[in-house]
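Start counting the sequence shown at 365; every next residue gets the next number (this note's numbering). The structure appears below as structure tokens.
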Amino acid sequence: MITIIGAGPAGSYLASLLAREEDVTVFEEHDKIGFPVQCSGITTQALAEILEIKKHFLINKIKNAKIIAPNDKHIEIRLTKPNLILDRAELDKYLAERAEDEGVKFHLNHKYENCEITNRGITLKFNGEVKTFKTDVLIGADGPFSKVAKTTGLWKERKFAIGAQARINLEVDPETVEFYINQGCFGWVIPESNKTARVGVATYAQPNERFKSLLKRRQIDYKKIIGYQSGMIPVYDPNAKTQNGNVYLLGDAATHVKATTFGGIVQGLMAAEELNKAITYKKDYEKLWKKRIGGDLRIGLLIRRKLDNFTDNEYNKLVGLFSQERIKRVLETKDRDYPSKFILELLLKEPRLLRFAFI
Ligand SMILES: Cc1cc2nc3c(=O)[nH]c(=O)nc-3n(C[C@H](O)[C@H](O)[C@H](O)COP(=O)(O)OP(=O)(O)OC[C@H]3O[C@@H](n4cnc5c(N)ncnc54)[C@H](O)[C@@H]3O)c2cc1C
């Protein structure tokens, strides 16, 4: 018997894979899968290597990325492989339905509180009541503040960014995503269509001030806000422990998030595939996920640490270097999920990038 806490993308996807061989149950604290939405829902085509992209959760495709420096100069990159804009609630529902089709049992309105681990198995406690449940394997796919990690000795000090985002009625080019690279960590305008966009900032502090400042800079009227979708984003920790006996962590709960762009959907799904292999073939989970995504997550973290200390002037110079055609061509053809595949090429094409000492 395997129990997964959290019906986000990582938890439900893993459930569907494990259910082919095992008896799997998922507990989710909310009464509805996919809500509340706390995500901008942009991914690269790396998602299509894992899942068939269905019309009902794909709402837009992005062909251009505009990267805007503090001095308002910008570069525009034509993405040879368009980015995908997802309806996150629909993606979560789709993954849960797929798992249900494989025989997974879902219990909504069940908030995991604690567990007791003995030689005879793991007893789980929910909602602070005497609702208990026995399992052999426990998986925490329960997001950035993982209660599973906290109650099983897997929680170490973690760093978080805050993602402050709103959906806004805004006239935009529906094929172009905008990134403002000094806005906190960075800001974004992600079009759902030519009339609606997801606008937000990721920052370590002062999310409201940073968000207001982006709206002002982009001349967006506050009254056009439709609703907020903010949340916390764990910064990847290469030393985080993700396994303790028969307890495993996955996705945001394991800090499987790119520190460059704070995207974690694809990384959580990839780690789910590795955890499925680890449980099915009795392999070392940490070795497997580190082999698949650890190198790229580590490069992303080094880049993030460097960017966090940049002055506006350095950002301006960086955008200047990236505006050269030979550099843009590299960015246009490569997925940002795999920086290890192009960072060397970038440095060889523009040795002055070494001054920024990314690696
Ligand atoms: C504002 C914002 C924008 C983002 N934009 C992007 C983006 O554009 N692209 C991208 O790839 N990533 C983005 N991310 C990150 C992305 O949302 C996460 O990496 C992704 O959701 C992680 O999936 P997960 O399944 O690990 O966790 P989650 O999606 O957080 O799912 C965890 C689930 O566990 C449940 N849960 C939590 N605690 C308990 C408990 N005690 N008991 C029972 N259930 C529990 C939760 O209700 C939730 O359903 C963004 C994040 C934020 C905050």
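Just so you know, even glycine gets a beta-carbon here, dropped at the ideal spot from N, CA and C. Small disclaimer: the values here were computed from a predicted structure and weren't measured.
For residue i and residue j, I'd like the C-alpha separation in whole angstroms.
{"i": "THR606", "j": "TYR612", "result": "6 angstroms"}
{"i": "GLU464", "j": "GLU440", "result": "42 angstroms"}
{"i": "ASN610", "j": "PHE490", "result": "19 angstroms"}
{"i": "ARG582", "j": "VAL536", "result": "11 angstroms"}
{"i": "ILE417", "j": "LYS713", "result": "34 angstroms"}
{"i": "PHE543", "j": "GLU413", "result": "25 angstroms"}
{"i": "TYR679", "j": "LEU448", "result": "27 angstroms"}
{"i": "GLY548", "j": "GLN570", "result": "8 angstroms"}
{"i": "GLY372", "j": "GLY507", "result": "8 angstroms"}
{"i": "PRO602", "j": "ASP660", "result": "11 angstroms"}
{"i": "ASP701", "j": "ARG656", "result": "11 angstroms"}
{"i": "ILE723", "j": "LEU711", "result": "The predicted model places ILE723 with a pLDDT of 39, which falls under 50 and marks its position as unreliable, so this point remains unresolved."}
{"i": "TRP459", "j": "LEU666", "result": "Here residue 459 is Leu; the residue named in the question, Trp, does not match the sequence. Computed Cα separation, rounded: 32 angstroms."}
{"i": "TYR645", "j": "PRO555", "result": "42 angstroms"}
{"i": "LEU614", "j": "VAL599", "result": "14 angstroms"}
{"i": "ILE366", "j": "ILE432", "result": "46 angstroms"}
{"i": "THR407", "j": "GLY504", "result": "23 angstroms"}
{"i": "GLU638", "j": "TYR377", "result": "12 angstroms"}
{"i": "ASP500", "j": "ARG462", "result": "23 angstroms"}
Does ligand 1 have a heavy atom nearer than 7 angstroms to the CB of residue i?
{"i": "ASP500", "result": "no"}
{"i": "GLN402", "result": "yes"}
{"i": "SER594", "result": "yes"}
{"i": "GLN529", "result": "yes"}
{"i": "GLU744", "result": "Here the chain covers residues 365 to 723 and nothing more, so residue 744 does not appear."}
{"i": "PRO703", "result": "no"}
{"i": "PHE550", "result": "no"}
{"i": "THR407", "result": "yes"}
{"i": "LYS418", "result": "no"}
{"i": "ALA623", "result": "no"}
{"i": "VAL630", "result": "yes"}
{"i": "PRO602", "result": "no"}
Taking DSSP as the reference, what is the three-state secondary structure of residue i?
{"i": "PRO508", "result": "coil"}
{"i": "PHE722", "result": "For PHE722, the predicted model reports a pLDDT of 48, less than 50, meaning its position is unreliable; a value from the coordinates is still stated below. In the structure shown, PHE722 sits in coil (DSSP, three-state: anything other than H, G, I, E or B)."}
{"i": "VAL468", "result": "coil"}
{"i": "GLN570", "result": "coil"}
{"i": "TRP796", "result": "Past the boundaries of the shown model lies residue 796; the chain is included only from 365 to 723, so the question cannot be answered."}
{"i": "ASN428", "result": "strand"}
{"i": "MET634", "result": "helix"}
{"i": "GLY485", "result": "strand"}
{"i": "TYR612", "result": "strand"}
{"i": "PHE644", "result": "First, the amino acid is wrong: residue 644 is Thr here, not Phe. Note: THR644 maps to helix in three-state DSSP."}
{"i": "PRO715", "result": "helix"}
{"i": "GLN409", "result": "helix"}
{"i": "LEU669", "result": "Checking the sequence shown, residue 669 turns out to be Arg, not Leu. DSSP places ARG669 in helix when its eight states are reduced to three."}
{"i": "ARG522", "result": "coil"}
{"i": "PRO446", "result": "strand"}
{"i": "LEU422", "result": "strand"}
{"i": "THR515", "result": "helix"}
{"i": "SER684", "result": "Here the sequence assigns Gly to residue 684, which means Ser is not the residue at that position. GLY684 falls in the helix class under three-state DSSP."}
At least one CB of chain C closer than 8 angstroms to the CB of residue i: is that the case?
{"i": "LYS419", "result": "Going by chain labels, chain C is absent from the structure shown, which holds only one protein chain."}
I want to know whether the stretch 674–687 touches the stretch 394–402 - three or more CB-CB distances under 8 angstroms. no
Check whether the stretch 592–605 touches the stretch 518–534, taking contact to mean three or more Cβ pairs, one atom from each stretch, closer than 8 angstroms. yes
**Q.** Three CB pairs or more closer than 8 angstroms across the stretch 656–674 and the stretch 411–422
**A.** no
I'd like to know if the stretch 378–387 and the stretch 401–410 are in contact, where contact means that at least 3 CB-CB pairs between them fall below 8 angstroms.
no
(Q) For the pair the stretch 451–466 and the stretch 699–715, tell me if three or more CB-CB distances fall below 8 angstroms. (A) Fewer than three beta-carbon pairs drawn from the stretch 451–466 and the stretch 699–715 are found closer than 8 angstroms, and the two stretches are therefore not classed as touching.
Mind the definition here: the stretch 465–477 touches the stretch 569–589 only if three or more C-beta pairs lie below 8 angstroms; say whether that holds. no
Practice problem: Kindly confirm or deny that the stretch 650–667 and the stretch 510–521 touch, where touching means at least three C-beta pairs closer than 8 angstroms. | Solution: no
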